[in-house]
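For reference, the structure discussed in these notes is given below.
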DNA sequence: TTTAAAGTTGAAGTCAGCTTTAAGTCAAGC
DNA sequence: GCTTGACTTAAAGCTGACTTCAACTTTAAA
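Residue numbers (the working numbering), protein chains in the order written: chain A, 1 to 156; chain B, 1 to 156.
The structure is reproduced here in structure tokens:
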């Protein structure tokens, strides 16, 4: 137990399944060194990187988007305090947009309670171009995240 | 053009692709009669049913959940005003839960701006059991909907 | 030294919600 | 009656983010 962590240690401490760690490595989100026999050994900073990945997933970014964000940081390092200030600002906007979209949908629903129409032409809830279109125009709110799926699975 | 609608007419008027209509029929969400030659012919109420399906999809229900809701209505009819009152109330709660979860996430992010830590142990954003756990406990908020994906595709 | 746990790989499987394809049939206007 | 476009089916393909599998190797403790 020096500064090197095995895959199961990282899995346990990060909450990601070992198979997910392998997948993330294949996708270029994290990296590892190898022992003589070919087994993975991780440096500690991978834990911060994984924390970042989890936070980003919670906010609804795809792995590709996360990879791009990580890559964009100077020298591929884990975000520091300054980077994090900018990133968290962007993410907050994403979340705000998502919240706005959901509120618009909820309010449209509210207005439907009295009418019960669900007309394809006039009802806000089912009309593609109305509530939904307005919400969509809040960019970045194109989809909402599969938040909170199984979160500490620990392989098998 | 009597009261019978062809699949392409329904596709055009509902905004769903014809292939989606066939899929929904196979999954038991809608039904149709057939001509002598085996082609589908729809009654008008299918349009209301499809409006309901679209609204439910917007709120984040799965097709299985929608199927169950439709089935639960007496005689498999399209929801009337009274049904709709109850249903829209349930949906509003779903949306409220989703909004609450996103707000919690946003506020956790806000609290992170000052620290830049992203520690697996203490940071609210990446800690599975903190923000995310709290949000999760608002039942029904287990996942957020893939809201607003392509919405008027029109087959091919 | 032995043995069991933990690790490795590529390939295939999973889920939802469709779309696409292939190969053919039906409906309708001229 | 013929052509053309609309329609039919089952089956396969697609996306993203993984998981599972099979078959094998490495590591570490006893």
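For every residue, glycine included, the Cβ atom is placed at its ideal position computed from N, Cα and C.
C-beta neighbour in chain A for residue i, strict 9 Å
| i | result |
| --- | --- |
| residue 59 of chain B | yes |
| residue 106 of chain B | yes |
| residue 43 of chain B | no |
| residue 167 of chain B | Nothing in the structure corresponds to residue 167 of chain B, since chain B is present only between 1 and 156. |
| residue 109 of chain B | yes |
| residue 88 of chain B | yes |
| residue 95 of chain B | yes |
9 Å Cβ cutoff met for residue i and residue j
| i | j | result |
| --- | --- | --- |
| residue 63 of chain A | residue 21 of chain A | no |
| residue 13 of chain B | residue 47 of chain B | yes |
| residue 95 of chain A | residue 59 of chain A | yes |
| residue 87 of chain A | residue 29 of chain A | no |
| residue 61 of chain B | residue 69 of chain B | yes |
| residue 44 of chain A | residue 3 of chain A | yes |
| residue 101 of chain B | residue 109 of chain A | no |
7 Å CB neighbourhood of residue i in its chain, flanking five on each side removed
| i | result |
| --- | --- |
| residue 18 of chain A | 7, 8, 11, 155 |
| residue 217 of chain B | As displayed, chain B neither begins before 1 nor continues past 156, which places residue 217 of chain B out of reach and without an answer. |
| residue 16 of chain A | 50 |
| residue 27 of chain A | 63, 67 |
| residue 81 of chain A | none |
| residue 23 of chain B | none |
Any chain B beta carbon closer than 9 Å to residue i
| i | result |
| --- | --- |
| residue 73 of chain A | no |
| residue 66 of chain A | no |
| residue 39 of chain A | no |
| residue 32 of chain A | no |
| residue 55 of chain A | yes |
| residue 4 of chain A | no |
| residue 22 of chain A | no |
Exposure label - residue i; buried when at least 16 CB within 10 Å
| i | result |
| --- | --- |
| residue 98 of chain B | buried |
| residue 37 of chain B | exposed |
| residue 57 of chain B | buried |
| residue 104 of chain A | buried |
| residue 132 of chain B | Low local confidence applies: a pLDDT of 45 at residue 132 of chain B is under 50, so the model's placement there is unreliable, and no value is given. |
Sequence-distant residues of its chain with Cβ nearer than 8 Å to residue i (five each side left out)
| i | result |
| --- | --- |
| residue 90 of chain B | none |
Residues near residue i by beta carbon distance below 6 Å, same chain, minus five either side
| i | result |
| --- | --- |
| residue 85 of chain B | none |
| residue 106 of chain B | none |
Residue i Cβ short of 8 Å to the ligand ZN heavy atom set
| i | result |
| --- | --- |
| residue 21 of chain A | This structure simply doesn't include the ligand ZN, nor any ligand for that matter. |
(request) Can you check the segment 25 to 71 of chain B for any alpha helix (DSSP H) of at least 4 residues that lies completely inside it and give the ranges in chain order? (result) DSSP runs (the alpha helix (DSSP H)) wholly in the segment 25 to 71 of chain B: 45 to 59.
(request) With a floor of 3 residues, list each beta strand (DSSP E) that falls wholly inside the segment 86 to 115 of chain A, ordered by position along the chain. (result) For the segment 86 to 115 of chain A, not a single whole beta strand (DSSP E) run of length 3 or above is found.
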